[in-house]
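Heads up, my numbering is the position in the sequence shown plus 554, with the first residue counted as 1.
Idealized CB from N, CA, C, for every residue including glycine.
Computed from a predicted model, the values in this text were never measured in an experiment.
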Amino acid sequence: MTPRRQPSRGLFITLEGIEGCGKSTQAKLLGEYLRSLGHVTVETREPGGTPLAEKIRSVLLDRADETVTAETEAFLVFAARRQHVAQVIEPALARGAIVLCDRFSDSTLAYQGYARGINVPLLERLNRLATHDVTPDLTLLFDLPVATGLARRRSAAETNRLDRESLRFHQKVRAGFLDLAKRHPARMKVIAARASKETVARAVSRIVTPMLKRLHRAGRQAAIGRATPSGATEAGHALR
Ligand code: TMP
């Protein structure tokens, strides 16, 4: 195994929740807000974020007829995560960027662990291998009733293999996320996601803004901006 995470200069924020919770919209709004303050952001997602990991995503979410086992799902997401952490997340944090990641390790625990039934401590161990201990500084958990989330999602044009799971499955995912938030209260913040996107965005900025002061104080921000060739995008403004 290669050496574990070095102390990084950036900030790692993940956004989690059930299908249709609005996390992708909030990631976009948070990215815009952070860049308006002069921060460099890298916006990315899981599974995905590199060309290889995006291919794994397509395989994982494909609606083909073959039954996919829980363990197969877990190995696919871990393979994608290792690639993503090594190629995108660690280098961005080392440069001092704020990484906004739409889903990360908590999704594996909620979907493959709490909902599919794979032993959670085992998943946590495998996850350490996949991440080399890169852990979010902050996880925003967008919580709303499953029926509301699924209704939003199923009215969208595209649904994937996991969207089509039963209501019971998605209820276990939601309960799993809430349990994880109880276990990690310092890192995970639960946000009521049924409100309008503007109201939710205000709740997000109330949580994130104090963390920026810390980042600023430490002088950890590099003012560069460019697009990466992967699924992740990087953007920045000159520091004000
Ligand atoms: P989404 O990001 O568009 O919501 O879709 C990603 C899907 O992949 C979602 O159904 C949850 C699923 N997923 C897992 O099952 N395990 C994981 O570790 C991750 C990151 C996602």
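From residue i to residue j, what does the alpha carbon distance come to, in whole angstroms?
i           : j           : result
residue 582 : residue 591 : 15 Å
residue 617 : residue 714 : 6 Å
residue 605 : residue 708 : 27 Å
residue 589 : residue 753 : 20 Å
residue 653 : residue 647 : 7 Å
residue 593 : residue 651 : 7 Å
residue 705 : residue 640 : 36 Å
residue 607 : residue 578 : 18 Å
residue 587 : residue 611 : 28 Å
residue 779 : residue 690 : Reliability of the predicted coordinates at residue 779 is poor, the pLDDT of 40 falling under 50, and no value is obtained from them.
residue 797 : residue 727 : Outside the shown range of the chain (555 to 794) lies residue 797, about which nothing can therefore be said.
residue 665 : residue 672 : 9 Å
residue 619 : residue 761 : 42 Å
Give a yes or no on whether the minimum CB-CB distance between residue i and chain C is below 9 Å.
i           : result
residue 729 : The structure shown contains no chain C; it is built from a single protein chain.
Could you check whether the Cβ of residue i sits closer than 8 Å to any heavy atom belonging to the ligand TMP?
i           : result
residue 601 : yes
residue 573 : yes
residue 657 : yes
residue 635 : yes
residue 666 : yes
residue 579 : no
residue 763 : no
residue 714 : yes
residue 674 : no
residue 750 : no
residue 615 : yes
Run through DSSP, which three-state label would residue i get?
i           : result
residue 727 : helix
residue 790 : Annotation note: pLDDT 48 at residue 790 (below 50); position unreliable, coordinate value reported separately. DSSP places residue 790 in coil when its eight states are reduced to three.
residue 768 : helix
residue 750 : coil
residue 645 : helix
residue 699 : coil
residue 688 : coil
residue 714 : coil
residue 781 : Annotation note: pLDDT 38 at residue 781 (below 50); position unreliable, coordinate value reported separately. Coil at residue 781, not helix or strand.
residue 737 : helix
residue 670 : coil
In this structure, what does DSSP give as the bridge partners for residue i?
i           : result
residue 743 : 694
residue 655 : 568, 598
According to the neighbour-count rule (16 or more other Cβ atoms, all chains shown, within 10 Å of its Cβ), is residue i buried or exposed?
i           : result
residue 763 : exposed
residue 768 : exposed
residue 601 : buried
residue 537 : An answer regarding residue 537 cannot be provided, because it is not within the stretch 555 to 794 covered by the chain.
residue 736 : exposed
residue 681 : buried
residue 598 : buried
residue 656 : buried
residue 739 : exposed
residue 557 : Only weak support is given to the placement of residue 557: the predicted model assigns it a pLDDT of 49, under 50, and the value that follows is read from those uncertain coordinates. The residue is exposed, with fewer than 16 neighbouring Cβ atoms inside 10 Å.
residue 661 : buried
residue 670 : buried
residue 721 : exposed
residue 694 : buried
residue 644 : buried
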